[in-house]
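J.: Here it is, the structure, as C-alpha cells.
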Amino acid sequence: MRENYIGLEEWNLAWTTLAAQCLETFLPVMPEGIKRLNLSGNRETLDDNALIQVLNRCPDIIELDISDSSLLSEISFEVLVNKCKKLQHLHTSRAYHIPAECNGLLKYLKDFRKLEVFRTLTDKSLATLRASMPNVKINQNVFSTIARPTTGIKRTSIWGLRSRD
Numbered sequence: 391m392r393e394n395y396i397g398l399e400e401w402n403l404a405w406t407t408l409a410a411q412c413l414e415t416f417l418p419v420m421p422e423g424i425k426r427l428n429l430s431g432n433r434e435t436l437d438d439n440a441l442i443q444v445l446n447r448c449p450d451i452i453e454l455d456i457s458d459s460s461l462l463s464e465i466s467f468e469v470l471v472n473k474c475k476k477l478q479h480l481h482t483s484r485a486y487h488i489p490a491e492c493n494g495l496l497k498y499l500k501d502f503r504k505l506e507v508f509r510t511l512t513d514k515s516l517a518t519l520r521a522s523m524p525n526v527k528i529n530q531n532v533f534s535t536i537a538r539p540t541t542g543i544k545r546t547s548i549w550g551l552r553s554r555d
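Just so it is clear: in the sequence shown, position 127 is 517 by the numbering used here, and no numbers are missing.
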C-alpha cells in the first residue's frame, strides 16, 4: 500500500468518517512525506492516540486540520507542538476538548503563522490570543485549503499546472 503514496504531500481525508479499524490499518503505513493533512470531521475515531501516531510518522507537517475532532485533548496538542517544529498553519475549529490555553503554546513554533479556531473561543479569549500572538493570523480561512484545487488568474491552471493551451 505504501508504494502507491510516493510523492504525496497533501491529503484531504476530511469527513470521511473513517472507522477505527481503517485508522488502525492506515496510520502505520501513512506516507511520511505528508506536508498538509486534513483529518477534520472524524469525530468518533480520531482520538489522541491516533493523532499522536500521525505526528510521529509526519513530523515535518506544515499544515494540519483537526477541526470537529471531539475526541482530541491537550495530550495530543502538546505532542503536536513538541514534535512538529515546522508547523505553520493549524485548524482546530470546534475541537472543544482542546483547552483554549493550549493555543498559547503555538507561539513557541518559530514558523507558525495561521490559526483557525472558529466557534471554539469566546470573544474575550480570542482578543487575548490575538494580543499574545501578534504575528499570527487568526480565523482568516473559513474553509480548509488542503489538497484542494487553486485556479490561476485566467482559470487556465489547477494546482499550479497549466490546464489549457
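We put the beta carbon where it would ideally sit given N, CA and C, even for glycine.
1) Which value, in whole angstroms, describes the spacing of the CA atoms of Ser522 and Lys497?
2) When DSSP builds the beta bridges, which residues end up paired with Ile528?
3) So, under 8 Å CB-CB, Ile451 and Leu429 are touching, yes? Tell me the CB distance rounded to an integer number of Å.
4) Tell me the DSSP secondary structure of Asp450 in three-state form.
5) Between which two residues does the beta strand (DSSP E) carrying Leu480 extend?
6) Helix, strand or coil, according to DSSP, for Leu462 in the structure here?
7) Do you know how far the Cα of Leu462 is from the Cα of Ala410?
8) Under DSSP, the beta strand (DSSP E) around Leu519 begins and ends at which residues?
9) Check whether the Cβ atoms of Lys475 and Leu499 sit closer than 9 Å, and answer yes or no.
10) What are the boundary residues of the beta strand (DSSP E) that includes Leu427?
11) Specify the secondary structure class of Asn472 as computed by DSSP and reduced to three states.
12) Cutting at 7 Å between CB atoms, please list the residues of its own chain near Ile536, excluding the five before and the five after it.
T.: In terms of the structure at hand:
1) The sequence position of residue 522 within the sequence shown is 132, counting from 1. The sequence position of residue 497 within the sequence shown is 107, counting from 1. Each residue's alpha carbon lies about 8 Å from the other.
2) Within the sequence shown, numbered from 1, the residue matching residue 528 stands at position 138. DSSP lists Leu505 as partners of Ile528.
3) Position 61 of the sequence shown, counted from the start, is the residue given in the question as residue 451. Position 39 of the sequence shown, counted from the start, is the residue given in the question as residue 429. That pair is no contact at about 11 Å.
4) Start at 1 with the first residue of the sequence shown, and residue 450 comes out as number 60. Coil.
5) The residue labelled residue 480 in the question sits at position 90 within the sequence shown. It spans His479 to His481 - the beta strand (DSSP E) in which Leu480 sits, taken as one unbroken run.
6) In the sequence shown, residue 462 corresponds to position 72, counting from 1. It is coil, neither helix nor strand.
7) In the sequence shown, the residue the question calls residue 410 occupies position 20. In the sequence shown, the residue the question calls residue 462 occupies position 72. Those two C-alpha atoms are separated by around 14 Å.
8) As a working note, residue 519 is residue 129 in the sequence shown. First-last for Leu519: Asp513 to Ser522, but that is the alpha helix (DSSP H), not the beta strand (DSSP E).
9) Position 85 of the sequence shown holds residue 475. Position 109 of the sequence shown holds residue 499. The answer is yes: Cβ separation under 9 Å.
10) Here residue 427 refers to the residue found at position 37 when the sequence shown is read from its first residue. Taken as a continuous stretch (DSSP letters only), the beta strand (DSSP E) holding Leu427 covers Arg426 to Asn428.
11) Here residue 472 refers to the residue found at position 82 when the sequence shown is read from its first residue. Here Asn472 sits in helix by DSSP.
12) For the purposes of this step, residue 536 is taken as residue 146 along the sequence shown, with counting starting at 1. Cβ within range, chain order: Glu400, Asn402, Arg426, Leu427, Asn428, Glu453 and Asp455.
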